[in-house]
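Trainee: The following block contains the structure, expressed as structure tokens.
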DNA sequence: CTTGCTATTGCAAGAGGTTGCGCTAGGCTT
DNA sequence: AAGCCTAGCGCAACCTCTTGCAATAGCAAG
Ligand SMILES: [Mn+2]
Ligand SMILES: [Mn+2]
Ligand SMILES: [Zn+2]
Ligand SMILES: [Zn+2]
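Residue numbers (my numbering), protein chains in the order written: chain C, 1 to 158; chain A, 1001 to 1158.
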């Protein structure tokens, strides 16, 4: 049984989140000395149609639907660029694979149940408690959205 | 899934942690219908000489020093077996790579500073706060030792 | 010691990612 | 409209880890 299922709230109304966030992306790239290429256009089109979480592999597949010549390394490199612009944010699933949050308005951590495979989102208040605990301990400021913690959900613990 | 745990003696000082923990491993394997092979002997010898954390890649390298014919897939599979016997416990570094705790007497979480690259161990009390927060929230029991959280250490935050 | 069952091994192939490199092509300048 | 500079592209190779499969070899029984 491999993952999927998200029995948790999932923000956002409208189909494409924060509509205007992608506007002017071409100009913003150029303003930074970067370029607007067909490959980047393809990925951005795909991302505009996404919401919530997507894995890098899924993104490559979606790009290939629009352009069969899509190359993995280009997608990964473009995702890095978009992340620097704050348009996506990557995290790692329980097995270390990459997952992307598109337009991360509200970053959140994830929990993965090793028994049933469900993935849950950590509520903001709880996330804040965790962040505060670590900051109080070592003065460390963590990025809770970067990792998925594993364990057992309420229904699956012994 | 496969969840077994076997005896796990407990503490012990000395350089090579919990000296006796590995004793009788051959018999314990056989008692479970498993086999004691030269490849497993090599890995166990390597692990006996380790303490703290080791990556899977490092273990493969160390095994090869003793037996140049060592194969990665065999090492990974043997590590899985040893984990079921409670002799090692795996976690994932900030980049998803596997790391092993040898004789995990006291499990602990890790923090990775994205700026300076240092890795810190989360103190037990702080770990307990995190675990408690998530249990109180969703009833989820997490395994804090499975992931390395990323962020910035006290000296590196802006 | 021999036999026989089957756990384990080594290998090849594959998935997900990263990286170095030479060639292509954005896009600013003239 | 051309040219130039160099960011970005595709490719090949490599890294870490996983999996299917056929051949091997533990080990317990006779
Ligand atoms: Mn894991
Ligand atoms: Mn990461
Ligand atoms: Zn569950
Ligand atoms: Zn630091």
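From the three backbone atoms N, C-alpha and C, an ideal C-beta is built for every residue, glycine too.
Being a predicted model, the structure only gives us computed values, none of them experimental.
Is residue 1050 of chain A near ligand 4, in the sense that its beta carbon is under 7 Å from a heavy atom of that ligand?
Mentor: Every heavy atom of ligand 4 is 7 Å or more from the Cβ of residue 1050 of chain A, so no.
Trainee: Distance, Cα to Cα, residue 48 of chain C vs residue 1035 of chain A?
Mentor: If you take the alpha carbons of residue 48 of chain C and residue 1035 of chain A, they lie about 54 Å apart.
Trainee: Would residue 1116 of chain A be called buried (16 or more neighbouring beta carbons within 10 Å of its own) or exposed?
Mentor: Residue 1116 of chain A comes out exposed.
Trainee: Would you decide whether residue 91 of chain C is buried or exposed? Buried here means 16 or more other CB atoms lie within 10 Å of its CB.
Mentor: Classification of residue 91 of chain C: buried, given that the 10 Å Cβ count is 16 or more.
Trainee: Return yes when at least one heavy atom of ligand 2 lies under 7 Å from the C-beta of residue 1095 of chain A, else no.
Mentor: Flag set: Cβ of residue 1095 of chain A near ligand 2.
Trainee: Only counting runs of 3 or more residues, tell me where the beta strand (DSSP E) segments fall wholly within the region 1075-1103 of chain A, in order along the chain.
Mentor: Within the region 1075-1103 of chain A, the complete beta strand (DSSP E) runs of at least 3 residues are 1088-1092 and 1098-1102.
Trainee: Write down the C-beta distance between residue 1127 of chain A and residue 141 of chain C rounded to the nearest angstrom, noting that I regard them as a contact closer than 8 Å.
Mentor: Not quite, the Cβ-Cβ distance comes to about 17 Å (not below 8 Å), so this is no contact.
Trainee: Closer than 7 Å between beta carbons: that is the criterion. Which residues of the region 1124-1139 of chain A meet it against chain C?
Mentor: Within the region 1124-1139 of chain A, the residues whose Cβ lies closer than 7 Å to some Cβ of chain C are 1126, 1129, 1130, 1133, 1134, 1137, 1138 and 1139, listed in chain order.
Trainee: Who's in the neighbourhood of ligand 3, going by beta-carbon under 5 Å from any heavy atom, listed in chain order?
Mentor: With the cut-off at 5 Å, the residues found are C:113, C:115, C:116, C:153 and C:156.
Trainee: Does the beta carbon of residue 1053 of chain A fall short of 7 Å from some heavy atom of ligand 2?
Mentor: The answer is no for residue 1053 of chain A.
Trainee: Would you kindly check if the distance between the Cβ of residue 89 of chain C and the Cβ of residue 104 of chain C is under 8 Å?
Mentor: Yes, these two residues count as a Cβ contact at 8 Å.
Trainee: So residue 1119 of chain A is in the beta strand (DSSP E); what residue range does that whole segment cover?
Mentor: Residues 1119-1121.
Trainee: The beta strand (DSSP E) with residue 54 of chain C in it runs from where to where?
Mentor: Run containing residue 54 of chain C: 53-55, per the beta strand (DSSP E) assignment.
Trainee: Three-state secondary structure (DSSP) at residue 113 of chain C?
Mentor: Of the three classes helix, strand and coil, the one that applies to residue 113 of chain C here is strand, per DSSP.
Trainee: Residue 1002 of chain A to residue 57 of chain C, Cα distance in whole Å?
Mentor: Low confidence applies to residue 1002 of chain A: its pLDDT is 30, below 50, so where it sits in the model is not reliable enough to give any reading.
Trainee: Taking Cβ positions, are residue 86 of chain C and residue 145 of chain C nearer each other than 8 Å?
Mentor: Contact: no.
Trainee: Which stretch, first to last residue, makes up the beta strand (DSSP E) that contains residue 148 of chain C?
Mentor: Taken as a continuous stretch (DSSP letters only), the beta strand (DSSP E) holding residue 148 of chain C covers 148-152.
Trainee: Examine ligand 1 and report whether any of its heavy atoms sits within less than 7 Å of the Cβ of residue 1146 of chain A.
Mentor: Yes.
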